[in-house]
Every structure is written in C-alpha cells, then in structure tokens.
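The structure under discussion appears below in the form of structure tokens.
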Amino acid sequence: MSVGDFRAIKAELFQKRVLDWYDVSKRQMPWRETKNPYFIWISEIMLQQTRVETVIPYYERFIKNIPTIEALAQIDEDELLKYWEGLGYYSRARNLQKAAKQIIEVHAGVFPRNRNELENLAGIGPYTAGAILSIAFDKREVAIDGNVLRVFARLSGIREDISKPATIKQITHLVEELIPSSRNGDYTQSLMELGATICLPNGKPLCKQCPLKELCVAKNESLQELIPLKTMKKKRTIQQKTILVIMNEDNQVFIRKRIEDGLLKGMWEFMMMDSHLSVEEVITSLEKQYFQIKQILPLLPSTHIFSHLEWEMKAYKIVVNQYPKDLDGMFVSIQSLIKEYSLPTALKAYKDYVKEQMK
DNA sequence: AAGGCGGGGTG
DNA sequence: CACCCAGCCTT
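Each residue of the first sequence is one higher than the one before, counting from 86 in our numbering.
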C-alpha cells in the first residue's frame, strides 16, 4: 500500500468511522461545552504544546476572571501574567492581549472568521486559525497539529520527517480532501483525539482499539512503530546561575522584571548572576553596587530543566540594611510577591524559601 | 530552514 | 534520562 492507496479509500467510510468513534470516546473538556469563539481561542492558545489536563484549571480560572475580549485588552500585564504563571511559553499571554487589542481596533471588536484575518492576529498561526474556524464557526478549514501529523503519517504510510514543511503541506491536503459535508468541528477534534488517546507517539499506538485500523497503511504494513520518523534532537546546554534572594530589614524581598532576554520575558525574578559565585564574590559584587550587607546565608542549590537549556543554580539569602535608590527593581512584601507578581517555575525553590520567611 | 521559547507527564 | 505535548515567532 502507499499514499495513493490511502487516497483511494472512500471518504464517507473514513468520516463515519472516525466521527462515530468520537461520539462514543471523546473526553469531556470545558471548551467542548461552548461555541463562543473567544473561549475557543483562549483554549487553543493554552493548548499549544501543552497537555489537556494541564490546561483545564488554567482555562477555567482565565475565562472566569477575563470573560471578554474587552476585559483581556484592558487588563494590566502583570495581572494577566499572574493567570499564566506556571503554564510556560509566556509570550502566548502577551500575544493574547496584543491580539485582543487588534480585534478591537481592526475588527471593531468582532471576532474575525476567515483564515487570513485570524493568522494576522498575534499568536495565531495555521493550526490555531484552522481550529477556531472549524470548531467555533464550522468552516471548512483544517487544523494540523502534532497529533494529526502522526495519525496521517501512519494512515497514509508517509516515511518523511513530519516536521518538514513539505510533509506538513502534503498531510494538510490529505486532511482537506476528507473534510465531511457537515460536523467539521467534530472532524477536527476527532483526529486530534485519536492521536492523543489511540495513535500514541513513541512507537506505542493502540492499534487494536483504533476505528481506522483497516484503513491504515502503517498498520497493514506493520510499520506503525516506525512511523512517524523521529528527528534528531539537539542537546541541552547547561547554564550556571547564582540566585540572590535579597531582603531588607522590613522583611521585603528584592525582585526585578525580565525585559531584554527572550527567555521568560515579562516575568519577575530575584537578582541573578550568570555564573556560580562564592560568598566572597557575591559580597564584592553587591558592595560595588552600593548594597550594605548585614548577613549572607547559602541556600540549597537547585536545577531546573527547560526544553532547550538547563539552569544549575547556586543561591544565597542576603539581608541588607542599606541599598541604592536607583535599583533596576524593587523591594516588595512577601504577600505582595505571592499575590501580584509572576515568577517562573525555575525559581520555585527560592520562592518557597521566601514564603517560609513570612512572619 | 532552524532554533528559541516552559513546564510537566510518561516509560 | 529522552520524548513529546491541540505551535508560533524570529532570524
């Protein structure tokens, strides 16, 4: 069998198999209870590279507190990031607000309903545009995510690297040819659901339970564990950091906002240095910045793994009784730190330490 | 075309 | 540990 053989199958058979399976097997998700494009949009952005179970509580809290495009456009950035804290890929939150403003200014507050206008909004690419159009508006558009790429690579026996644009284009055409005459939103979701629950990655598909097993080239050729082809991945680079949890005599802690770096941009952090510093080096560096140090105490080192790099963190708690006025950050109370400012999960160990200092 | 961008679940 | 997740953006 080949891609050609797969294309020869009856579209109606394929559609009936996958939609019937979806009706019986779909999981419950809060965004499946609505057609409100704003809600669908929020869910799709949160779901980018993020598992369904992780998203659900974030989604519930977000739409409860920021229920409309207008509310999203007007919210303070730090408050917005607070709702995103721990979810990762924080540019998604900033792009969400940028897009909300675009919708109000360019589209008079009316949610766009064609692919071109959607893809011109910040943070919306081909997948998200297709998802919103098919799910919220029942338009004849497809949404190609990692699940759909894997499902269709196996179904049609494609041996190419599924991350290559040419392969994505080829699969996009196959998915488009099979759009049903109705229920396209369910069609979109059924393909992703199949990938997430049956046609699993890492050579572990549950083919016996698959409603499409008779139509699957990979299954019929016993290639389902070899497809899709895995791409070589780059090794993580390791960075050494020294975290300085600086507190003043009023039990306030020093934080500053990350601006210049792409990584964790917009998030707040403790003072950090780019290498491992000894007690003496820390003291020298802080005195050079006109801090007067009253006490310095080593904290437990910790490690945080990002997808593309790794932080090896040494840390110190430092109590100062005097500090310069022109700081690139500020001292805030511990309660305020917890309630109002978003810190990356990478700093969780030291945020937890600060929490314990609350009196 | 390739790499940056978080955090967590899973085997 | 490595892989991958309802991807998008920049270079």
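Quick reminder that beta carbons are idealized off the backbone N, C-alpha and C, glycines included.
C-alpha distance - residue i paired with residue j, whole-angstrom precision
i	j	result
Ile247	Ala221	27 Å
Ile45	Leu234	The structure shown does not extend to residue 45, since the chain is modelled only from 86 to 444, so the question has no answer here.
Met398	Glu334	25 Å
Met352	Tyr168	12 Å
Phe376	Gln407	6 Å
Ala178	Glu170	10 Å
Met443	Leu314	52 Å
Glu365	Lys433	25 Å
Ile312	Lys373	58 Å
Leu291	Ser418	52 Å
Lys521	Gln134	Nothing about residue 521 can be reported from this structure: the residues present for the chain run from 86 to 444 only.
Ala530	Glu310	Residue 530 cannot be examined here, being either before or after the span of the chain that is shown, 86 to 444.
Met114	Asp108	14 Å
Leu181	Glu202	15 Å
Ile368	His389	25 Å
Lys320	Phe391	12 Å
Gln274	Leu382	53 Å
Asp161	Tyr123	19 Å
Asn205	Lys111	31 Å
Pro409	Lys379	15 Å
Gln324	His393	11 Å
Start and end residues, alpha helix (DSSP H) containing residue i
i	result
Glu202	200-204
Gln159	154-159
Lys424	419-425
Met131	122-131
Met277	269-282
Glu262	250-262
Thr492	Only positions 86 to 444 of the chain appear in this structure, which leaves residue 492 out of reach.
Gln100	96-110
Ser241	231-241
Glu365	364-373
Start and end residues, beta strand (DSSP E) containing residue i
i	result
Thr327	322-332
Asn406	394-407
Leu384	377-390
Arg341	338-342
Met358	356-358
Whole-number beta carbon distance between residue j and residue i, since they are thought to touch under 8 Å
i	j	result
Val330	Tyr435	5 Å
Met317	Val404	The Cβ separation is near 49 Å, so there is no contact.
Ala400	Thr327	7 Å
Lys298	Lys289	Not quite, the Cβ-Cβ distance comes to about 15 Å (not below 8 Å), so this is no contact.
Segment contact, 8 Å Cβ cut-off, at least three pairs: the stretch 122-131 with the stretch 334-344:
no
Q | alpha helix (DSSP H) runs wholly inside the stretch 135-187, at least 4 long, in chain order | A | 137-150, 154-159, 162-169
**Prompt:** Should the stretch 96-111 be called in touch with the stretch 186-200, which here means at least 3 C-beta pairs below 8 Å?
**Reply:** no
Q | Touch test, the stretch 236-247 against the stretch 203-220, Cβ-Cβ under 8 Å, three pairs minimum | A | In short, these stretches do not touch, since the Cβ pair count stays below three.
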